Amino acid sequence: MARFNGVKQGLAVWLWAIVTSAIIAAVAAIGGSKYNVLAQLNLPRIPVDEGDVTTVGLVAIGAAILAALLGALLGGALGTRFHRRVDAAGYSALTDQQASERQI
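Counting in the UniProt record's numbering, the sequence shown runs from 1 upward without gaps.
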């Protein structure tokens, strides 16, 4: 998929992930606490003030979003590089075969 413009493709994949996450978050918000599976599991809680957790959580979410964006862009760029090498190898093999057929 990253054959011709990998960075653009990587950005598009990242945007689709953001849109999908937003839709899932909206469905979860509409569902409310009725379907809150994590609250029903009764997992152990971290004894930390919720204000600190919110700040740390926002920083972690921002870092995760940035890391995902950079990974998508880098993956797209590397995909383009790979496909250019494959295309070049295929083209050179094709021209070598055509040259050998002409000599026969």
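Ideal Cβ positions, reconstructed from N, Cα and C, are used throughout, including at glycine.
Every value quoted in this text rests on a predicted model; they were computed, and no experiment measured them.
Glycine 57 counts as exposed, since fewer than 16 other C-beta atoms from the protein chains shown sit within 10 angstroms of its C-beta. One thing to note: alanine 72 has its Cβ within 8 angstroms of the Cβ of valine 13. Look at arginine 45 here: in three-state DSSP terms it is coil, with no helix or strand label.
The segment 65-83 makes contact with the segment 3-10, as at least three CB pairs between them are under 8 angstroms. For lysine 8, the enclosing alpha helix (DSSP H) stretches over residues 6-31. Just so you know, the alpha carbons of valine 86 and isoleucine 23 end up roughly 38 angstroms apart. Alanine 68 sits away from alanine 29, with the two beta carbons spaced by 8 angstroms or more.
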